[in-house]
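Here this note's numbering is used: the first residue of the sequence shown is 28, the next is one more, and so on. Note that CB positions come from ideal geometry on N, CA and C, so glycine has one too. Note that the structure is a prediction, hence the values are computed from the model and not measured. Take a look at the structure below.
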Amino acid sequence: MKKILSYVIALVPILLLISLLFLLPIVFLISLVPNNYLPTSPIWIIEGLIGILILGYGIRLNRFPINLKAKKVYWAMFILSIIIATILALYFKNLLIISIFCQLFLLITYVLIFEQRFTGFKTYLQRSRSALVVFNLFDTFFVLLYYFLKYIIRNNKDKIDNFLNELPITYVTIEWIFIILSMSVLFILLPAFRGYLSVWFYKKQNGIHKQSGRVFWNSNITAYGVSIMSLCLYISMFFRISSLNDSRALVYLMLMSFTVYFWTIVCEGIDRRGEDKEKVLSNWALIGLLSIFLILLDQIESDLIGILTWFLPMLLPTFIGKVNSIIPKGYSKSPTPFMKKHLYWLQMMSFNTLFIFNIISSISTKQLIKNEKIEQINELKIFLISLFDSESSSNFASGVLVSSTMLLISIAVAYGLSKLIVYLIRRYYIEASNRYFN
Numbered sequence: 028m029k030k031i032l033s034y035v036i037a038l039v040p041i042l043l044l045i046s047l048l049f050l051l052p053i054v055f056l057i058s059l060v061p062n063n064y065l066p067t068s069p070i071w072i073i074e075g076l077i078g079i080l081i082l083g084y085g086i087r088l089n090r091f092p093i094n095l096k097a098k099k100v101y102w103a104m105f106i107l108s109i110i111i112a113t114i115l116a117l118y119f120k121n122l123l124i125i126s127i128f129c130q131l132f133l134l135i136t137y138v139l140i141f142e143q144r145f146t147g148f149k150t151y152l153q154r155s156r157s158a159l160v161v162f163n164l165f166d167t168f169f170v171l172l173y174y175f176l177k178y179i180i181r182n183n184k185d186k187i188d189n190f191l192n193e194l195p196i197t198y199v200t201i202e203w204i205f206i207i208l209s210m211s212v213l214f215i216l217l218p219a220f221r222g223y224l225s226v227w228f229y230k231k232q233n234g235i236h237k238q239s240g241r242v243f244w245n246s247n248i249t250a251y252g253v254s255i256m257s258l259c260l261y262i263s264m265f266f267r268i269s270s271l272n273d274s275r276a277l278v279y280l281m282l283m284s285f286t287v288y289f290w291t292i293v294c295e296g297i298d299r300r301g302e303d304k305e306k307v308l309s310n311w312a313l314i315g316l317l318s319i320f321l322i323l324l325d326q327i328e329s330d331l332i333g334i335l336t337w338f339l340p341m342l343l344p345t346f347i348g349k350v351n352s353i354i355p356k357g358y359s360k361s362p363t364p365f366m367k368k369h370l371y372w373l374q375m376m377s378f379n380t381l382f383i384f385n386i387i388s389s390i391s392t393k394q395l396i397k398n399e400k401i402e403q404i405n406e407l408k409i410f411l412i413s414l415f416d417s418e419s420s421s422n423f424a425s426g427v428l429v430s431s432t433m434l435l436i437s438i439a440v441a442y443g444l445s446k447l448i449v450y451l452i453r454r455y456y457i458e459a460s461n462r463y464f465n
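Okay, here's the thing in structure tokens:
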């Protein structure tokens, strides 16, 4: 019974979302037909179509070599849903939509269980059952807590104001304390707790234990990111609840469904029994250096590019090509042809990337005189920041994002340019004559 209850808690939100996505095109097509041309009420047309689908799949189910008990349960639930739909239609017409969703739950559940094409998704749901239970219970608690606090604040507003006025600190200080505490709880404590619980229950359900030298740090961080995404969607929906219509609610539900997809990334990391600790630390160090580089690129763009354009292509062969000289017994190893090719491409790509970036920056930069000082203004960067920027985002984050975008564009152009240069050099110096290489 406990296992069945956990499956119900884990799957009901997913089944609800799939049902909504299934009903959406049907409702849209019916809405295109004027009501005076419809033979009956739209809700009855939907009920009839779903009934035909369930009946047709029941006939298909009878051909499957599965347990006879499962077939009997399917037909019994189908007949029961018809009886309930009839009762609701006669006495509680407003609740007929509940019967439609229950019928769709029956159909979708049997399709996921017995259709071979959904075996992978079924395995994912089975292995992630405990984690999905954590997600749904936590999200339910979060939503209920929001409405509970909203109710408390609304009905005790005067008492709260009097209490705050009696405190020996200014109102501005209280606001800052409230902002810091709420941000810490909403974006640090709650997502971290939600992500940690989901990873812990997933490992416990599937009997996964940490091995020596391996860690689950990236899995926990990814789970934390998924939790932040979910909580941000809930918070955004709370602020828009007064203007929330059916289409916007559907968009929010679809966005929330993406968190189920991102959870698969966490599952893959956990199923690999974690990652090598040294590799994770080196990747983090690389990400840190890349972040510092992007920040410097945004703040001192021209100076940094000028330095790197001259020194990076020349220093790469020394930094990478001579690394064998600083490790024990490294002198016994010599560069392979693959290393020589790798260094050649690194030099070519680094120079061309910086070259293209410098050209883009120089073309879009203008010098203006302000307050008797010469200032350089990158008009392209300002334009891109205006596209990314919003009232809730900072200029610093937008600037780093724009610099990253310009760098990615430069890398893409530099890759094509490097291919072209190598082709021309090879054609002239190798294929056209043997005077240079033999």
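One thing to note: L115 has its Cβ within 8 Å of the Cβ of L122. Under the 8 Å Cβ criterion, the stretch 227-234 counts as touching the stretch 144-160, having at least three qualifying pairs. Rounded to whole angstroms, N89 and K98 show a C-alpha spacing of 7 Å. By the criterion of a C-beta distance shorter than 8 Å, Y84 is surrounded in its chain by L134, Y137, V138, once the five residues flanking it on both sides are discounted.
For the pair F91 and F141, the CB atoms are nearer than the 8 Å cut-off. Scanning Y455, I383, L342 for the CA closest to the CA of L370 turns up L342.
Nearest neighbour of V427 by Cα position, chosen from Q326, R462, M375, I179, turns out to be Q326. With respect to the 8 Å criterion, G296 and E305 are not classified as neighbours on the basis of their beta carbons. Scanning its chain for C-beta atoms nearer than 7 Å, with the 5 sequence neighbours on each side dropped, one finds around I111 the residues S126, in chain order. In this structure, S257 lies away from T291, with their beta-carbon atoms at least 8 Å apart. Boundaries of the alpha helix (DSSP H) around F55: 29-58. Exclusion of the five residues before and after N379 leaves A441, L444, S445 as the residues of its chain whose Cβ lies within less than 7 Å of its Cβ. In this structure, I255 lies near F214, with their beta-carbon atoms less than 8 Å apart. Taken in chain order, the whole alpha helix (DSSP H) runs of length 4 or more contained in the stretch 189-237 are 198-211, 217-232. Straight through space, the alpha carbons of Y450 and S460 are spaced by roughly 15 Å.
Between the alpha carbons of K149 and A250 lies a gap of roughly 21 Å.
Here E302 is bridged, per DSSP, to V242. Counted as a single uninterrupted DSSP element, the stretch harbouring G348 is not any alpha helix (DSSP H), since DSSP gives it neither H nor E. In this structure, the beta-carbon distance from V242 to V307 falls below 8 Å. By alpha-carbon distance to S225, the top candidate from Y178, G240, A158, R462 is A158. Under the three-state reduction of DSSP output, F91 falls in the coil class, being neither helix nor strand. In the same chain as I383, and ignoring 5 residues on each side of it, the C-beta atoms closer than 6 Å to its own belong to S437, V440, A441, in chain order. Residue burial is scored here from C-beta neighbours: Q143 has fewer than 16 other C-beta atoms within 10 angstroms and is therefore classed as exposed. Y371: member of the alpha helix (DSSP H) spanning 364-391, first to last residue.
For F165, the enclosing alpha helix (DSSP H) starts and ends at 156-182. Counting only residues of its own chain and dropping the five nearest sequence neighbours on each side, Q238 has a CB closer than 8 Å to the CB of R300, G301.
Rounded to whole angstroms, the gap between the alpha carbons of S211 and I314 is 24 Å. Its chain contains no residue whose beta carbon lies nearer than 7 Å to that of N310 once the 5 sequence neighbours on both sides are disregarded. If you draw a straight line from the Cα of Y261 to the Cα of V170, it is about 8 Å long.
Separation of S318 and L435 (C-alpha to C-alpha, rounded to the nearest whole angstrom) is 14 Å. Scanning its chain for C-beta atoms nearer than 6 Å, with the 5 sequence neighbours on each side dropped, one finds around W244 the residues V307, in chain order.
With respect to the 8 Å criterion, I457 and M375 are not classified as neighbours on the basis of their beta carbons. Taken atom to atom, the span from the alpha-carbon of N233 to that of L38 is near 18 Å. Classified as exposed, G75 has fewer than 16 neighbouring CB atoms from the shown chains inside 10 Å of its CB. Judged by beta-carbon spacing, N182 lies beyond the 8 Å limit of G222, meaning their Cβ atoms are not closer than that value. Rounded to the nearest whole angstrom, the CA to CA distance from I206 to L216 is 14 Å.
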